[in-house]
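Shown next, in structure tokens, is the structure this report addresses.
2 protein chains.
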Amino acid sequence: MSQPKKFIYFFSQNETDGRADMKDLLGGKGANLAEMTSMGLPVPPGFTISTEICHSFYENKKSLPNWAMDGVLANVKKLEHVIGKKFGDVKNPLLVSVRSGARASMPGMMDTILNLGLNEEVVLGLASTSGDARFAWDSYRRFIQMYANVVMGMNHSLLDILFEDKKAEKGVERDIDLTAEDLQWVVSAYKRAIRDSLGLEFPNDPIAQLKGAIEAVFSSWHNNRAITYRRLHGIPENWGTAVNVQAMVFGNMGMDCATGVAFTRDPSTGEKHFFGEYLINAQGEDVVAGLRTPHPISKRQAGDSGLSSLEEEMPEIYKELTEIYQKLEQHYRDMQDIEFTIEKNRLWMLQTRNGKRTANAAIRIAMEMIDEKLIDEKTALKRVNPASLDQLLHPRLDPKAKKTILAKGLPASPGGVCGRAVFSSDDAVHWKEKGEKVILVRIETSPEDIEGMVAALGILTTRGGMTSHAAVVARGMGKCCVAGCGDIHVDYRLKEFRAQGYVVREGDMITLDGSTGEVFLGEVKTIEPTLGGSFGRLMEVADKYRKLGVRTNADTPHDSQVARDFGAEGIGLCRTEHMFFATDRIDWIRKMIVAEGLNERKQALDHLLPMQREDFYQIFKIMDGLPVTIRLLDPPLHEFLPHDEEEVQEISKRLNISSEDLRRKIKSLQEFNPMLGHRGCRLAITYPEIYEMQAQAIAEAAAHIVKDGKKLTPEIMIPLVAVDTELEILRELVVKTVERVKKEQGVSFDYLVGTMIELPRAAVTADEIAKHADFFSFGTNDLTQTALGLSRDDSAKFLKTYVSEGIYETDPFMSIDVKGVGALVKMGVDLGRQSRTNLKVGICGEHGGDPASILFFAKAGLDYVSCSPFRVPIARLAAAQAALN
Amino acid sequence: MSQPKKFIYFFSQNETDGRADMKDLLGGKGANLAEMTSMGLPVPPGFTISTEICHSFYENKKSLPNWAMDGVLANVKKLEHVIGKKFGDVKNPLLVSVRSGARASMPGMMDTILNLGLNEEVVLGLASTSGDARFAWDSYRRFIQMYANVVMGMNHSLLDILFEDKKAEKGVERDIDLTAEDLQWVVSAYKRAIRDSLGLEFPNDPIAQLKGAIEAVFSSWHNNRAITYRRLHGIPENWGTAVNVQAMVFGNMGMDCATGVAFTRDPSTGEKHFFGEYLINAQGEDVVAGLRTPHPISKRQAGDSGLSSLEEEMPEIYKELTEIYQKLEQHYRDMQDIEFTIEKNRLWMLQTRNGKRTANAAIRIAMEMIDEKLIDEKTALKRVNPASLDQLLHPRLDPKAKKTILAKGLPASPGGVCGRAVFSSDDAVHWKEKGEKVILVRIETSPEDIEGMVAALGILTTRGGMTSHAAVVARGMGKCCVAGCGDIHVDYRLKEFRAQGYVVREGDMITLDGSTGEVFLGEVKTIEPTLGGSFGRLMEVADKYRKLGVRTNADTPHDSQVARDFGAEGIGLCRTEHMFFATDRIDWIRKMIVAEGLNERKQALDHLLPMQREDFYQIFKIMDGLPVTIRLLDPPLHEFLPHDEEEVQEISKRLNISSEDLRRKIKSLQEFNPMLGHRGCRLAITYPEIYEMQAQAIAEAAAHIVKDGKKLTPEIMIPLVAVDTELEILRELVVKTVERVKKEQGVSFDYLVGTMIELPRAAVTADEIAKHADFFSFGTNDLTQTALGLSRDDSAKFLKTYVSEGIYETDPFMSIDVKGVGALVKMGVDLGRQSRTNLKVGICGEHGGDPASILFFAKAGLDYVSCSPFRVPIARLAAAQAALN
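So the sequences go chain by chain: A and B.
Those letters in the first sequence? Residues 1 to 885, by my numbering.
Those letters in the second sequence? Residues 886 to 1770, by my numbering.
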């Protein structure tokens, strides 16, 4: 990339080049710093190096091109002029922070350098201008520690040990108890250690420091944490980060200084009140890192905690901050996450951005902002991430369950979960791979723990507040989190924690309530969530805009009822085989399988008929006229037969055949690739009597409903069709059977006969298949398996590598592979409607509940999606967003 | 269907409505009768009811519409006028034959009625006009027997028994020894039996007889034999048959009468001489049915058989016939199969059609007709069915092998085969299903045996000549056949035959030599065919016209040499895994599989490297500059590991690991659907070192060739690519490796890197994949499995039903499913070339040797097909035909 015309954007009270809508170029932080500055808010001046330079940096072999560094130096001059301080000046030194800032927020994933500009001489100047030698040396120490680690690649624990040793030597516990002299000693020790360890001198020249810091921040775009985070959040690799160089302000220059972070509304509940934390005499990192427990920002928030709030401690500043936050929320029309520093009683705004929030909060804020006329309904719908609804729809702890409380921490991210305690990120991943549910227990979390947090169902920390790393990340992921739970004592070495006299070891079961902050021993019963209020309103608004229908996959009356309660508009997939696995039935289906000849087989089917009829009747009754799509028998018959010898013995007795005959039957049904074997409609081409029985059961159940005085239109679905003739033959069989029942019962009802499109051949010949189908339902699970040649059961082992290497952007079984499987779906829809313009088209694979897939299905022109009952609300919202796109 | 304008086509010396090119309407027989009549040849007059009436008949509920019957009667009148005889007239009766005749020849599959018009009065008239009462009553008996069976549905064995009983009562063996009175008694007995058995009177009215016969012939279009035959030969159901009503002439009216069939050239060898058989005093059915052994038509053909030829017996007639056959061959410009009857020294032509012939004969005739300027090269190419070449390319008996001869019959269809003797069609099917090779042994065959003939590798009959049912059908199918082998004595009941004192029971192995007529005990060694002469010429002519390249699938130097000898223009698929199965290598690949970690794995691969290198070097040497496409490792690793406990014990010792570890490894590699599992390029995404070793072996072998002073361009092929990124990553690995070797060895050569397109996703995203591919090779085996969701290993059980029910027209693994898999291939080619216009595209599935598939591949724009060495000539001819289409 050649040199862009403009690549550095300055911001100060007098001159501001950037705007909030320039995030692509300036990153979120840079764009918002410029915007806040333009709004007249007190922002320390500085400049943003655009994301384009990130590309130049990588193209220039990870080195800042000379022309870019020239631009940086020119802006440093401008900054010196605006602020009246000079970089490297002993008397009046300019110190700066160097921070990353990508288009999307990636909290804590990339690197930051503070206090840059300090050296052996400047530190003395800072001591004299600030009148606080301890502060100056502590700043210098912090700078060396950060810089050595981030820029020079020094192992930070080596420096930590020196610092802790000094505290031990002096017999103090808190950092603040070390004197200026102590810190001066630490600085010298740090430099020696760096020299010994790296063979390098710590740079003294502020300009060299600045170049190193900028390059380190650009480099950090490609560190492992950042790559993992981007993968999890679907952030493209090629966006790059901007770099913000900004004059330092200090919240740690004495007791008239402070630093804090706040949200314009409660990020956990969405309630409309100012919510935040601050620390007197601290730098921003101290609040986020959770090393000291911060204080609440308002009296209301402090409640009876006994902690003094900013509102009480610095009422004037609090008032100023309140005005600013309201102005910011009005300006951005969204809940803001702000960072501020108070330097010697003067308020500085360091950041504003749209605040992360729980799903509950997102919904409440979006709905209330409609009423406040801040945003319109469409904007409100876009504000809620459909996938995040999942956490609301999951179980919470049963309030009536017996519980043994271990401790109480902060309710950092809601929900109730049980799992096995693990004490490191690696262990979390390890136990998860063994198929266990795990809860990650850490003293505090850092970005290195991200993989473990992904693996865990819930996170428990003993330090840190509501805005600690653990809390923020857990909320973003929709995971339950209890933070700052000081009552428990973690021992990483022994892999255990102690609380209330109990010892919880790795693998022991514990339960978290992220809504109350409570931690319980053992497994606590959970209950289904009930939804209403803002959630109900959100669904109503969503239904107003969406065009895609939302049905559910339900095989039982219970599931059907749950799905209706969640707003399902019908059943898109009722799998009849699940009904056969019930203990009172499976022997009959086994008898059918081992039957010698048609008559014996029909006898067994005759026993299944009334059971199936009753199943269908109950489901029809609950669905009360809504469409119900029933898929006829799909799995290979061997799935119903026993697998081990003991079962063979037992079942052969029950079936009244020799165990040898049963074994022979099992052997004859074995398949090399059952996925591609004798299943689906192929069973009915061989044994038409099976589908005939099922069609009869459906028709008789429908007749019963009609006789009850109700209406219905059952939809009968033939699975695994590859060739139009299969459907032609089986449609005829179904129609003949249903018509016979209608005549016998003397009733009349409409019904549809359609097919799954779940094989590539069906998709590419959909025009021919549609001639015999009233509807299509895409079975994207099997379509993915066959189109990609990828067995879902076998691919887990290597699919992870595929996703991490970027061969598949996401797991194609979770979110539809748009380019491949999606192309087949599109072909199927278009060809199908070519033959039959009024063809009803839906999808009933797992993808039906995945928002990204739903967006695709809407574009492809489907009529409805069908998903598991708990994903119905997600689908409703995703469908609305798809309609707004 | 309403009444067509013209639907009956008359033919007589004076007036002929039809022509040879009206086969669609008149069927082959009708069109040729008209044509022969127009040519002035002596053809008994008659008329043809068009195939359109066959449709009318079925639409009219299997009854001839009145308007159609009116047309028939009008033409009967015309026929009476032309011939001067009257239907049902006692003094001068007109008798007719009623025969089927479809667009394509279906010998013996549909029904025929002869001597129609006879009744109790007319028979007396016939006796007096012919002066032969025995002849008249025998004709009437034959008519009743045929009519009762075909039209009235009478079980023919009931009538057979009456006839045999009469012969027994009279103490005679031959039909001819029964007197007119005996036959009169038989006629009465037949009529009683019909009345008793069916409750119906045998019709006396000739018009009623005619209507019944016409309807029966139309009905026979849908009998089981005809349906089976059409399925085997790909004849559409909707063609229908025409019906020919023709004045009878009699070959059985005395010793100055005869009937015969002949070919204008030898149908077995193609040699240009008149070749046929005849019987004095017989009806045509007698020759075809093989009940009496017919005599040769010419002196030359009779040789020293001791049988008198037509040439000697009736020299005048022979001369006339010779003139006619030459005229016919000149007229039709193809070898003709003719039927004639001599009635009281007068020659009548009953049929001419293009004669069925062996592949050898087809080639020789086609090539010689070019030289005779009868046809041009393009026509000659179209005259040979590519699939039929298969019989020439298959092994023949080793002349040096030790043999125990059992008997010698007629060399009815060439080739040498071994198989187990079976004695019924059902048994043939049954043994075949058990995976056995079978030879069907019958006294004579009839159309009912067709399924057994399909199942058998060879056919042996004890009766009938070179034009018997067995011989004609076997030649059409390209199966070995020894006919009329009177030296063996078959006992159906005991399921055995005796010859030369040996007893051969069901399941015993025998060997046939269809080129000599010899039958041997046990299995005789076979050898590869050598090809030349007309065959070589055919290949040369084919190569002149074809546009599609023909390569071969070959994994060994031996196969490569065979394929080159057959004219392969390169290797389209060299499967490297087959090389790993050699006993000196498999333990090294096993070591690689059980290796713990990269280093151990690389050590094992280091041992495989020199072996692979030598393999490739040998193949490159044989192919001498022709392109060689090498597919890198494809099968799942578990295929190389042992399956039973004994092997596990043994192999774990050899590999020097515990049997427990080996078992654990085997278990960890087990897959539910190996077809869709960890295989193909997925192995190399996980273990790049495998492909790296293979690429190195290829490059080093190529370097060796270059150092030998030769040229080559190896083509390295990555299997099972689903996503472009897979290919991108592995192409980079291959290129890096090859370039490294080139540098190390200081040589230079070109090479291509390409991919298999064998997954639907690859086909629909071929534009993206082509960006990283120099060539595509369609793997239509796997593409069929995935597109249809059909496991080749598991589907045999139900696929038969699918083909017989017409769901698939043919087995989609034999001939490409054009609509489904073909659509994906077309998409792949078109999208691929969109990205890369010079993309080389081939196909290397089994379909590469199937003529129908080759036709499709040519249309789809492929550059070449690759098939097994023995199918290379088939592919060359099929490719030429595709180019002419």
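Think of the CB as a built atom: it goes at the ideal place given N, C-alpha and C, for glycine as much as any other residue.
All values reported here derive from a predicted model rather than from experimental measurement.
Where the beta strand (DSSP E) containing residue i begins and where it ends
{"i": "K947 of chain B", "result": "Element bounds for K947 of chain B: n/a, residue is neither H nor E."}
{"i": "N1270 of chain B", "result": "First-last for N1270 of chain B: undefined, no H or E at that position."}
{"i": "S1751 of chain B", "result": "1749 to 1752"}
{"i": "K191 of chain A", "result": "Where K191 of chain A is concerned, there is no enclosing beta strand (DSSP E), although the alpha helix (DSSP H) it sits in stretches over 180 to 198."}
{"i": "D513 of chain A", "result": "509 to 513"}
Residue closest to residue i, alpha-carbon to alpha-carbon, out of the options
{"i": "I1328 of chain B", "options": "B:Y1377, B:A1341, B:E1336, B:C1303", "result": "B:Y1377"}
{"i": "H966 of chain B", "options": "B:G931, B:S1153, B:G1188", "result": "B:G931"}
{"i": "Q246 of chain A", "options": "A:K327, A:K78, A:P557", "result": "A:K78"}
{"i": "Q649 of chain A", "options": "A:S659, A:L641, A:F640", "result": "A:S659"}
{"i": "M1338 of chain B", "options": "B:R1348, B:R1360, B:I1182, B:G1320", "result": "B:R1360"}
{"i": "R601 of chain A", "options": "A:Y190, A:W588, A:M611", "result": "A:W588"}
{"i": "G772 of chain A", "options": "A:D817, A:V738, A:I718", "result": "The question names Gly, yet the displayed sequence has His at residue 772 of chain A. Among A:D817, A:V738, A:I718, the Cα nearest to that of H772 of chain A belongs to A:I718."}
Segment limits, alpha helix (DSSP H) that includes residue i
{"i": "C1729 of chain B", "result": "It is not in any alpha helix (DSSP H) - C1729 of chain B carries neither H nor E in the DSSP assignment."}
{"i": "L1009 of chain B", "result": "1007 to 1015"}
{"i": "F452 of chain A", "result": "One detail in the question is off: residue 452 of chain A reads as Gly in this sequence, not Phe. Start and end: 450 to 455."}
{"i": "R1761 of chain B", "result": "1757 to 1769"}
{"i": "S1310 of chain B", "result": "1310 to 1318"}
Buried or exposed (CB count within 10 angstroms, at least 16 for buried), residue i
{"i": "F896 of chain B", "result": "buried"}
{"i": "F1466 of chain B", "result": "exposed"}
{"i": "P236 of chain A", "result": "exposed"}
{"i": "G1056 of chain B", "result": "exposed"}
{"i": "R1027 of chain B", "result": "buried"}
{"i": "A895 of chain A", "result": "Because residue 895 of chain A is not part of the residues shown, which for chain A are 1 to 885, the question remains open."}
contact_flag[the segment 248 to 263 of chain A, the segment 57 to 72 of chain A] where n(CB pairs < 8 Å) is 3 or more: no
Every unbroken beta strand (DSSP E) inside the segment 930 to 1005 of chain B [3 residues or more]: 931 to 934, 981 to 987, 997 to 1001
Ranges of the alpha helix (DSSP H) found wholly within the segment 642 to 721 of chain A, counting only runs of at least 4: 645 to 655, 659 to 669, 681 to 686, 688 to 707
Given 8 Å, three or more beta-carbon pairs between the segment 1656 to 1676 of chain B and the segment 1084 to 1098 of chain B: no
Touching by the beta-carbon criterion (3+ pairs, under 8 Å), the segment 117 to 129 of chain A and the segment 273 to 287 of chain A: no
At least 3 beta-carbon pairs within less than 8 Å: the segment 1289 to 1296 of chain B vs the segment 1308 to 1315 of chain B: no
4 or more residues per run - each alpha helix (DSSP H) lying fully within the segment 1143 to 1221 of chain B: 1169 to 1174, 1184 to 1187, 1195 to 1198, 1200 to 1217
Segment contact flag, the segment 1504 to 1518 of chain B with the segment 1443 to 1461 of chain B, C-beta cutoff 8 Å, min 3 pairs: yes
The segment 1558 to 1567 of chain B touching the segment 782 to 799 of chain A, judged by at least three CB pairs closer than 8 Å: yes
Unbroken stretches of the alpha helix (DSSP H), 4 residues or longer, contained in the segment 531 to 617 of chain A: 533 to 545, 557 to 565, 576 to 580, 583 to 594
Contact between the segment 992 to 999 of chain B and the segment 1095 to 1112 of chain B (3+ Cβ pairs under 8 Å): yes
The segment 1238 to 1252 of chain B touching the segment 1261 to 1275 of chain B, judged by at least three CB pairs closer than 8 Å: yes
Segment contact flag, the segment 1579 to 1590 of chain B with the segment 1543 to 1559 of chain B, C-beta cutoff 8 Å, min 3 pairs: no
4 or more residues per run - each alpha helix (DSSP H) lying fully within the segment 744 to 815 of chain A: 760 to 764, 766 to 769, 780 to 788, 792 to 804
Inter-stretch contact (C-beta, 8 Å, three-pair minimum) for the segment 795 to 814 of chain A and the segment 1630 to 1642 of chain B: no
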